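Peer 1: Counting from 83, one number per residue, gives the positions in the sequence shown under the numbering used here.
Note that beta-carbon positions come from the ideal geometry of N, C-alpha and C, so glycine has one too.
From a predicted model like this one, the values you see are computed outputs, not experimental measurements.
The following block contains the structure, expressed as structure tokens.
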Amino acid sequence: LIRAGEIGVLAALGMAFVEVHRRPRVAILSTGDEVVDVGSAQLRDDGRGQIFDCNRPMLRALAEEEGAEVVDFGIVPDEPGRVREALVAALAAADIVVTSGGVSRGSRDHVK
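So this is what it looks like as structure tokens:
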């Protein structure tokens with residue numbers, strides 16, 4: 083990002099024009115039947131081993147802090163077809179795709 087400080091340095095160097103690029107688009111999605119959105123606390127079931135999705139909000143904030151435009155694809159269930167659909171859509175919508183979850187050795191973990 084070119085902010086006030088960068089503009090000052092560019093001006094001090096006599097640079098009236100610089101090449102720029104648009105902000106990168108980053109798609110973020112979490113996978114897993116055990117993952118529950120932070121805003122859905124009442125739906126969480128400890129007996130099923132569910133956990134709050136703490137990674138996606140953090141990854142979103144980190145990407146935005148670095149100037150990225152974030153496309154949030156939410157939580158995708160552990161179904162191969164749904165994971166594939168979400169990844170295809172994310173790849174079409176963004177320059178970078180970041181996934182969280184579903185990368186273990188479990189039979190229902192479809193992201194490797």
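1. So which of Ala98, Ala94 and Val108 has the shortest CA-CA distance to Glu148?
2. With a cut-off of 8 angstroms on the beta carbons, I'd call Ser112 and Ser182 a contact; round off their distance for me.
3. On the premise that Val120 lies in contact with Leu134, defined as a C-beta separation below 8 angstroms, what is that separation, rounded to the nearest angstrom?
4. As a quick exercise: from Leu92, Ile157 and Ala176, pick the residue whose alpha carbon is nearest that of Ala145.
5. Can you tell me whether DSSP reads Leu83 as helix, strand or coil?
6. Would you check if the distance between the CB atom of Ala150 and the CB atom of Pro106 is smaller than 8 angstroms?
7. DSSP on Arg107, reduced to helix/strand/coil?
8. With distances taken from CA atoms, which of Leu83, Phe155 and Pro159 is nearest Gln132?
Peer 2: On the basis of the coordinates in this document:
1. Closest option to Glu148, Cα to Cα, is Val108.
2. 5 angstroms
3. The question names Leu, but residue 134 in the sequence shown is Phe. The pair is a contact, with the Cβ atoms about 5 angstroms apart (cut-off 8 angstroms).
4. Nearest C-alpha to Ala145: Ala176.
5. coil
6. yes
7. Looking at Arg107 - three-state DSSP - the assignment turns out to be strand.
8. Pro159
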